[in-house]
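Undergrad:
Residue numbers (the working numbering): 1220 to 1638.
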């Protein structure tokens, strides 16, 4: 009798769940059927806007579950996009998911606005198609072991170099940090014999934005951005100072920004400089085959800066399985391929990155090779001021001898961490 009663209750329970729509476990797909997802994004230009709309249309037509993504474009507006999005969500706006910058993560996490994607990713069949280091960066941005941000596309800094200059200097592509420093020295040349340097080994960026290539030197000596006052970090800073003091970089390095380091490289004044694929077409247009790239070499440590654009799903989203299907499509599906081929950004999907379009591009290959050791400047309340004011001013004092390497790193540590 008890057994019969249990069977009847189980059948009634199953019927109830069927009639009312059972909740799917995170990462499963059946709950995604027929959902409508509102997706907010920004596009840097009209071509990117059209590309995103075509990706949305393709997903809607081919996902096989009746999921409909409605794309709502919003301007980047000099970074105000993130604040505007925050205001909308705090006001109860019904946006389900959005394109993203990591710097916005703490604000949204602290206000409990983002869905924890960890269980969805752990149950996802394509989880391992993205490098674990990329997931670690996503975790770090949220300040916990949870993944609130879904990888999408990135920009990874590498070293540009002129093969003809390397040949003249009698060197090959450096494989270690020590070899890289030696290559800078040897590529600093007086090519016309007038006793003056007319080619500098490296184009140093001492103005705002220079903290990204600078970080590679700190890690090259075994230092880190987490502890700027360690002996290893100070040694990396000393390497940086020595490049300037010994004349291996242009004397204008203290005030050189992006435009200057690119102009100096394109004019032939420097043999190497650091940037990403965003400038590669200009380099090819200028030099043809006489320009190439390599990932920043390993020393006692290894790091390169990563620019980012990701996606998030909001906690208020009523169809999270469907939203995850969409952001997963952008991360490893056809949406990843279409976006990265169309914009020239670096794919996070290993499968997409291994396709000929990317592997046959020497600059893409250098970027992809850097994914496993790429990172970001720590995201803190102090970061914006540190990048804009503290770092360039302090570096200028150090390069010109007003403070030594240890004093410099002490100021930078206090400016970023408050102690």
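No residue lacks a Cβ here, since even glycine has one placed at the ideal position from N, Cα and C.
Just so we're clear, the structure is a prediction, and the values are computed from it rather than from any experiment.
With a threshold of 7 Å on Cβ separation, who are the neighbours of residue 1591 within its own chain once the five nearest residues in sequence on each side are excluded?
TA: As a working note, residue 1591 is residue 372 in the chain shown. Hits under 7 Å: 1350, 1352.
Undergrad: If I'm right that residue 1540 touches residue 1251 with Cβ under 8 Å, what's the distance once you round it to whole angstroms?
TA: To locate residue 1540, count along the chain shown from 1; it is residue 321. To locate residue 1251, count along the chain shown from 1; it is residue 32. The Cβ separation is near 4 Å, so the contact holds.
Undergrad: Taking the alpha-carbon positions, what's the residue 1284 to residue 1552 distance?
TA: As a position in the chain shown, residue 1284 is number 65, starting the count at 1. As a position in the chain shown, residue 1552 is number 333, starting the count at 1. Whole-angstrom Cα-Cα distance: 16 Å.
Undergrad: Between residue 1453 and the rest of its own chain, which residues show a CB-CB distance below 7 Å, the 5 nearest in sequence each way excluded?
TA: Within the chain shown, numbered from 1, the residue matching residue 1453 stands at position 234. Taken in chain order, the residues that qualify are 1624, 1625, 1628.
Undergrad: Can you tell me the Cα-Cα spacing of residue 1488 and residue 1418, whole angstroms?
TA: Working through the chain shown from its first residue, we reach residue 1488 at position 269. Working through the chain shown from its first residue, we reach residue 1418 at position 199. Roughly 5 Å separates the two Cα atoms.
Undergrad: Could you work out which residue in 1472, 1601, 1440 is closest to residue 1522 when comparing CA atoms only?
TA: The residue labelled residue 1522 in the question sits at position 303 within the chain shown. Closest by alpha carbon: 1440.
Undergrad: Just to confirm, are residue 1314 and residue 1340 a CB contact at a threshold of 7 Å?
TA: Looking up residue 1314 in the chain shown gives position 95. Looking up residue 1340 in the chain shown gives position 121. Not closer than 7 Å, so no.
Undergrad: In the structure shown, what three-state DSSP assignment does residue 1348 receive?
TA: Sequence index remark: in the chain shown, residue 1348 carries index 129 (1-based). Residue 1348: helix per DSSP, three-state reduction.
Undergrad: Ignoring anything shorter than 4 residues, give me the alpha helix (DSSP H) runs that lie fully in the region 1361 to 1443, in order along the chain.
TA: Qualifying alpha helix (DSSP H) stretches, in chain order: 1382 to 1388, 1396 to 1405, 1430 to 1439.
Undergrad: Note down the Cα distance separating residue 1420 from residue 1406, rounded to an integer number of angstroms.
TA: For the purposes of this step, residue 1420 is taken as the residue at position 201 of the chain shown. For the purposes of this step, residue 1406 is taken as the residue at position 187 of the chain shown. The alpha-carbon atoms of residue 1420 and residue 1406 are separated by roughly 4 Å.
Undergrad: I'd like to confirm the pairing. Which residues does DSSP put opposite residue 1572 in its beta bridges?
TA: Within the chain shown, the letter at position 353 stands for residue 1572. The partner list for residue 1572 (beta bridge, DSSP) is empty, contrary to what the question assumes.
Undergrad: Report back the beta-carbon spacing between residue 1610 and residue 1430 to the nearest angstrom; my notes put them in contact at under 8 Å.
TA: The residue labelled residue 1610 in the question sits at position 391 within the chain shown. The residue labelled residue 1430 in the question sits at position 211 within the chain shown. Residue 1610 to residue 1430, Cβ: 5 Å. Contact.
Undergrad: Quick one: what's residue 1527 bridged to in DSSP?
TA: As a first step, residue 1527 is located in the chain shown; it is residue number 308 there, counting from the start. Answer by DSSP bridge pairing, in chain order: 1373.
Undergrad: Please look up how many angstroms separate the CB atoms of residue 1379 and residue 1491, rounded, as I've assumed it's under 8 Å.
TA: In the chain shown, the residue the question calls residue 1379 occupies position 160. In the chain shown, the residue the question calls residue 1491 occupies position 272. Residue 1379 to residue 1491, Cβ: 6 Å. Contact.
Undergrad: Measuring only the C-alpha atoms, how far is residue 1512 from residue 1298?
TA: Residue mapping note: residue 1512 aligns to position 293 of the chain shown, counting from 1. Residue mapping note: residue 1298 aligns to position 79 of the chain shown, counting from 1. So the two alpha carbons sit approximately 30 Å from each other.
Undergrad: Here's a check: name, in chain order, each residue in its chain whose Cβ is nearer than 7 Å to the Cβ of residue 1301, leaving out the five neighbours to either side.
TA: Locating residue 1301 in the chain shown gives position 82, where the first residue counts as 1. Cβ neighbours of residue 1301 beyond the five flanking positions: 1320, 1323.
Undergrad: With respect to the alpha helix (DSSP H) encompassing residue 1480, which residues constitute its N-terminal and C-terminal limits?
TA: To locate residue 1480, count along the chain shown from 1; it is residue 261. From DSSP, the alpha helix (DSSP H) with residue 1480 extends over 1477 to 1485.
Undergrad: Tell me the DSSP bridge mates of residue 1495?
TA: The sequence position of residue 1495 within the chain shown is 276, counting from 1. Bridge partners of residue 1495: none, in fact.
Undergrad: Under the three-state reduction of DSSP, which class applies to residue 1567: helix, strand or coil?
TA: Counted from its first residue, the chain shown places residue 1567 at position 348. Of the three classes helix, strand and coil, the one that applies to residue 1567 here is coil, per DSSP.
Undergrad: Quick one: Cα of residue 1638 to Cα of residue 1601, how far?
TA: The residue labelled residue 1638 in the question sits at position 419 within the chain shown. The residue labelled residue 1601 in the question sits at position 382 within the chain shown. Taking the straight line from one Cα to the other gives about 12 Å.
Undergrad: May I have a chain-ordered list of the alpha helix (DSSP H) segments no shorter than 4 residues that lie completely inside the region 1261 to 1302?
TA: As far as the region 1261 to 1302 is concerned, its whole alpha helix (DSSP H) runs of at least 4 residues are 1265 to 1281.
Undergrad: If you check the beta carbons only, do residue 1209 and residue 1530 fall under 7 Å apart?
TA: Residue 1209 cannot be examined here, being either before or after the span of the chain that is shown, 1220 to 1638.
Undergrad: Taking the Cβ atom as the reference point for each residue, do residue 1515 and residue 1588 lie within a distance shorter than 7 Å?
TA: Counting from one through the chain shown, the residue named residue 1515 turns up at place 296. Counting from one through the chain shown, the residue named residue 1588 turns up at place 369. No, the Cβ-Cβ distance between residue 1515 and residue 1588 is not below 7 Å.
Undergrad: Considering only heavy atoms of the ligand NAD, does any lie closer than 6 Å to the CB of residue 1516?
TA: The model depicted lacks the ligand NAD and carries no ligand whatsoever.
Undergrad: On the criterion of 16 or more Cβ atoms from any shown chain inside 10 Å, does residue 1294 qualify as buried, or is it exposed?
TA: As a working mapping, residue 1294 is identified with position 75 in the chain shown. The residue in question, residue 1294, is exposed, as its Cβ has fewer than 16 Cβ neighbours within 10 Å.
Undergrad: For residue 1256 and residue 1271, I'd like the C-alpha separation in whole angstroms.
TA: Counting from 1 along the chain shown, the entry for residue 1256 is found at position 37. Counting from 1 along the chain shown, the entry for residue 1271 is found at position 52. The alpha-carbon atoms of residue 1256 and residue 1271 are separated by roughly 15 Å.
Undergrad: Quick one: grab the DSSP three-state call for residue 1316.
TA: Residue numbering aside, residue 1316 sits at position 97 when the chain shown is read from its first letter. In the structure shown, residue 1316 sits in a strand (DSSP, three-state: E or B).
Undergrad: Tell me the DSSP secondary structure of residue 1259 in three-state form.
TA: For the purposes of this step, residue 1259 is taken as residue 40 along the chain shown, with counting starting at 1. Note: residue 1259 maps to strand in three-state DSSP.
Undergrad: In or out: residue 1215 buried (at least 16 other Cβ within 10 Å) or exposed?
TA: Past the edges of the chain, shown from 1220 to 1638, lies residue 1215, and the structure says nothing about it.
Undergrad: Cα separation between residue 1494 and residue 1368?
TA: On the chain shown, residue 1494 is found 275 positions in, with the first residue counted as 1. On the chain shown, residue 1368 is found 149 positions in, with the first residue counted as 1. Computed Cα separation, rounded: 25 Å.
Undergrad: By the three-class DSSP mapping on this structure, what secondary structure does residue 1634 have?
TA: Taking the chain shown and counting its residues from 1, the one referred to as residue 1634 is at position 415. The answer is helix: DSSP assigns residue 1634 an H, G or I state.
Undergrad: Excluding the 5 residues flanking residue 1316 on each side, which residues of the same chain have their C-beta closer than 7 Å to its C-beta?
TA: Position 97 of the chain shown, counted from the start, is the residue given in the question as residue 1316. Closer than 7 Å at Cβ, skipping near neighbours: 1256, 1258, 1530, 1531, 1532, 1533, 1536, 1542, 1545, 1546.
Undergrad: Helix, strand or coil for residue 1249, going by three-state DSSP, please let me know.
TA: Start at 1 with the first residue of the chain shown, and residue 1249 comes out as number 30. Here residue 1249 scores only 46 on pLDDT, less than 50, and its place in the model should not be relied on; the value that follows carries that caveat. Three-state result, residue 1249: helix.
Undergrad: Going by DSSP in three states, residue 1326 sits in which element: helix, strand or coil?
TA: If you number the chain shown from 1, residue 1326 lands on position 107. Residue 1326 falls in the helix class under three-state DSSP.
Undergrad: DSSP puts residue 1333 in a beta bridge; with which residues?
TA: Locating residue 1333 in the chain shown gives position 114, where the first residue counts as 1. Answer is 1533.
Undergrad: Per DSSP, residue 1513 forms a beta bridge with which residues?
TA: Numbered from 1 along the chain shown, position 294 holds the residue referred to as residue 1513. Bridge partners of residue 1513: 1378.
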